[in-house]
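S.K.: Please read through the structure below; I'll follow up with questions.
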Amino acid sequence: MRNPRCRSGWTGASALGWVLVLGLWGAAARAQDDMDDVRVVIHPVSEQIHMLVGRGGNIGVSAGADGIFLIDDQFAPLHERIAEAVARIQPGPIRFLLNTHWHGDHTGGNEAFAAAGAVIVAHEAVRTRMSAEQFIEAFDRRVPPSPTAALPVVTFSRDVTFHLNGEAIHAFHVEAAHTDGDVVVHFLGSDVIHTGDVFFSGRYPFIDLSTGGSIAGVIEAVERILEAASESTKIIPGHGPLSSRADLLRYRDLLVLARDRVAEAMAEGKGLEEIVESRPLADQDAEWGGGFMKSDGFVKIVHASLAEGS
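In the working numbering, the protein residues as written are 1486 to 1795.
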């Protein structure tokens, strides 16, 4: 029987399993022992932009004459390894740390980096979410408030531009996408875009409906990024390898295909279980099924979003 608290159709047991796979929340995910084998790898993106890959969301680094600008910071136990990787790119303090959204695999290092002097910046919804207990309905899990020292100290509602390291860095809010506080960051001079979890490259995405996400919002956000990107733009996704506009375009097509197939089945009067059993995205699994989210889970999220009118 479907868990009445879980509109996507996951049971509490399977939800907990997904949380552990995701590594987004909970003491087990944050325990140092679970992070001992994690290596933070540096991937050059442009002359002054790098991508760091460890465990959790991809980190963006701008390094230049004005100092270090960091995008996201993964989990708290990885703070020292992330700081060491940044120092290998360029020594010196981190001036600004921008969170693309509130999830713990993107904000876990906030407290430590703030203590070292970084100014944390995010959309106003990120501070709101981090300041209070959250409930992730798809995983039937409560997330406690973050420590006060981990909260963003500068927030914005629509967009903000930094002028650092010889270029404009434009961060803009995309509404009701992966969450309600997602921010996309465009390094205009370097022609690099960091998408946060609006873009899961080469894998089915997770959309956090409980904290304001929606399939329609993700599609709209991706369309906006596509408009800003050129054929030569390098794209740092929230999860997955360094990507291109062509990769993002294929992802947009997947999102639209999933929305349309699930919507068509719903219009035919089919219920969630029947839709999932019909495996509407089976022909997409070879390309997109390699991440933690499988097609059945993604179909459930799309169904729940459409059922809510989003």
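Positions of the beta carbon are idealized from the N, C-alpha and C atoms, including for glycine.
1) What does DSSP give as the partner residue(s) for G1549 in the beta ladder?
2) Looking at C-alpha atoms only, which residue of L1636, R1746, V1668 and G1698 is the closest neighbour of V1645?
3) Would DSSP call D1633 helix, strand or coil?
4) Measuring straight from C-alpha to C-alpha, what distance separates S1695 and F1620?
5) How many angstroms separate the CA atom of D1682 from the CA atom of I1527?
6) What does the Cβ neighbour count give for E1596, buried or exposed, with the cut at 16 atoms within 10 Å?
7) Which whole-angstrom value describes the C-beta separation of I1710 and H1679, a residue pair presumed to lie in contact below a C-beta threshold of 8 Å?
8) Based on Cα-Cα distance, which residue from V1670, L1739 and A1572 lies nearest to E1772?
9) State buried or exposed for H1588, treating a residue as buried only when at least 16 other CB atoms are found within 10 Å of its CB.
10) I'd like the list of long-range same chain contacts for A1714, defined as Cβ closer than 8 Å, with 5 residues on each side in sequence excluded.
11) Give the DSSP-derived three-state secondary structure of A1570 in the structure shown.
12) At which residue ranges does the segment 1681-1755 contain complete beta strand (DSSP E) runs of 3 or more residues, listed in the order of the chain?
13) My understanding is that G1723 touches N1543, with C-beta atoms under 8 Å, so please give their C-beta distance in whole angstroms.
14) At which residues does the beta strand (DSSP E) containing H1788 begin and terminate?
15) In whole angstroms, what separates the C-alpha of A1600 from that of D1781?
16) Is DSSP giving L1583 helix, strand or coil here?
17) In the DSSP output, which residue or residues are listed as bridge partners for E1652?
18) Can you round the beta-carbon distance between Q1575 and A1548 to whole angstroms, since I take them to be within the 8 Å contact cut?
19) Excluding five sequence neighbours on each side, which residues of the same chain lie with their C-beta closer than 6 Å to the C-beta of G1687?
20) Apply the 10 Å Cβ neighbour rule to L1766 and answer buried if 16 or more other Cβ atoms are within range, or exposed otherwise.
21) For P1630, collect the residues of the same chain with a Cβ closer than 8 Å to its Cβ; drop the 5 residues on either side in sequence, then sort them by chain order.
22) Just to confirm, are A1634 and A1706 a CB contact at a threshold of 8 Å?
23) Could you give the first and the last residue of the continuous alpha helix (DSSP H) run that contains T1613?
24) Can you name, in chain order, every residue of its own chain whose Cβ lies under 8 Å from the Cβ of I1654, other than the five neighbours on each side?
25) Classify V1639 as buried or exposed, calling it buried when 16 or more other Cβ atoms lie within 10 Å of its own Cβ.
26) With a threshold of 7 Å on Cβ separation, who are the neighbours of A1570 within its own chain once the five nearest residues in sequence on each side are excluded?
27) For F1624, which of S1795, A1748 and F1691 has the nearest alpha-carbon?
28) In whole angstroms, what is the alpha-carbon distance linking S1717 and E1532?
29) Among P1637, A1550 and D1522, which one has its Cα closest to the Cα of I1556?
30) Does the distance from the C-beta atom of G1539 to that of R1573 stay below 8 Å?
31) Please report the Cβ distance between G1666 and H1586, rounded to the nearest whole angstrom; I am assuming they are in contact, meaning their Cβ atoms lie under 8 Å.
M.R.: According to the data block:
1) Numbered from 1 along the sequence shown, position 64 holds the residue referred to as residue 1549. DSSP lists G1552 as the beta-bridge partner residues of G1549.
2) If you number the sequence shown from 1, residue 1645 lands on position 160. The residue from L1636, R1746, V1668 and G1698 with its alpha-carbon nearest to that of V1645 is V1668.
3) Within the sequence shown, the letter at position 148 stands for residue 1633. As written in the sequence, residue 1633 is Thr, which differs from the Asp given in the question. DSSP places T1633 in helix when its eight states are reduced to three.
4) On the sequence shown, residue 1695 is found 210 positions in, with the first residue counted as 1. On the sequence shown, residue 1620 is found 135 positions in, with the first residue counted as 1. Going from the Cα of S1695 to the Cα of F1620 covers about 7 Å.
5) Taking the first residue of the sequence shown as position 1, residue 1682 is located at position 197. Taking the first residue of the sequence shown as position 1, residue 1527 is located at position 42. Looking at the two C-alpha atoms, the distance is approximately 19 Å.
6) For the purposes of this step, residue 1596 is taken as the residue at position 111 of the sequence shown. Its Cβ being crowded by 16 or more others within 10 Å, E1596 is buried.
7) Locating residue 1710 in the sequence shown gives position 225, counting from the first residue. Locating residue 1679 in the sequence shown gives position 194, counting from the first residue. Contact flag wrong, Cβ pair sits at about 10 Å.
8) Stepping through the sequence shown from its first residue, residue 1772 is reached at position 287. Residue L1739 is the option with its Cα nearest to E1772.
9) Within the sequence shown, numbered from 1, the residue matching residue 1588 stands at position 103. Burial call: buried.
10) Counting from one through the sequence shown, the residue named residue 1714 turns up at place 229. Hits under 8 Å: I1678, I1720, R1730 and L1733.
11) On the sequence shown, position 85 is the one that residue 1570 refers to. Helix at A1570.
12) Every beta strand (DSSP E) of 3 residues or more that sits fully in the segment 1681-1755 is shown, in chain order, as 1719-1721.
13) What you label residue 1723 is simply residue 238 of the sequence shown in a count that begins at 1. What you label residue 1543 is simply residue 58 of the sequence shown in a count that begins at 1. Confirmed, Cβ separation roughly 6 Å.
14) The residue given as residue 1788 occupies position 303 in the sequence shown. Premise fails: H1788 lies in the alpha helix (DSSP H), S1780 to A1792, not in any beta strand (DSSP E).
15) Stepping through the sequence shown from its first residue, residue 1600 is reached at position 115. Stepping through the sequence shown from its first residue, residue 1781 is reached at position 296. Going from the Cα of A1600 to the Cα of D1781 covers about 42 Å.
16) Looking up residue 1583 in the sequence shown gives position 98. Three-state DSSP puts L1583 in a strand.
17) In the sequence shown, the residue the question calls residue 1652 occupies position 167. Note: E1652 sits in a beta bridge opposite L1649.
18) In the sequence shown, the residue the question calls residue 1575 occupies position 90. In the sequence shown, the residue the question calls residue 1548 occupies position 63. With 8 Å as the limit, Q1575 and A1548 qualify as a contact, their Cβ atoms being about 4 Å apart.
19) By 1-based counting over the sequence shown, the position of residue 1687 is 202. The answer, listed in chain order, is G1725.
20) Against the sequence shown, residue 1766 aligns to sequence position 281. Per the 10 Å Cβ criterion, buried.
21) As a first step, residue 1630 must be located in the sequence shown, where it is residue number 145. M1615, S1616, A1617 and E1618, listed in sequence order.
22) For the purposes of this step, residue 1634 is identified with residue 149 of the sequence shown, where counting begins at 1. For the purposes of this step, residue 1706 is identified with residue 221 of the sequence shown, where counting begins at 1. For A1634 and A1706, no; Cβs fall outside 8 Å.
23) Start at 1 with the first residue of the sequence shown, and residue 1613 comes out as number 128. T1613 -> alpha helix (DSSP H) spans E1609 to S1616.
24) Within the sequence shown, residue 1654 is the residue found at index 169, counting from 1. Cβ neighbours of I1654 beyond the five flanking positions: S1547, F1554, T1646, F1647, H1648, V1670, H1671, F1672 and L1673.
25) Here residue 1639 is taken as the residue at index 154 of the sequence shown, counted from 1. With fewer than 16 Cβ atoms within 10 Å of its Cβ, V1639 is classed as exposed.
26) Position 85 of the sequence shown, counting from 1, holds the residue named residue 1570. Answer for A1570: V1525, I1527 and L1537, listed in chain order.
27) As a position in the sequence shown, residue 1624 is number 139, starting the count at 1. Taking only the C-alpha atoms, the option nearest F1624 is F1691.
28) Within the sequence shown, numbered from 1, the residue matching residue 1717 stands at position 232. Within the sequence shown, numbered from 1, the residue matching residue 1532 stands at position 47. Their backbone Cα atoms lie some 15 Å apart in a straight line.
29) What you label residue 1556 is simply residue 71 of the sequence shown in a count that begins at 1. Of P1637, A1550 and D1522, the residue nearest in Cα terms is P1637.
30) Position 54 of the sequence shown, counted from the first residue, corresponds to residue 1539. Position 88 of the sequence shown, counted from the first residue, corresponds to residue 1573. Contact flag unset, no.
31) The count along the sequence shown starts at 1 and reaches residue 1666 at position 181. The count along the sequence shown starts at 1 and reaches residue 1586 at position 101. Contact flag correct, Cβ pair sits at about 5 Å.
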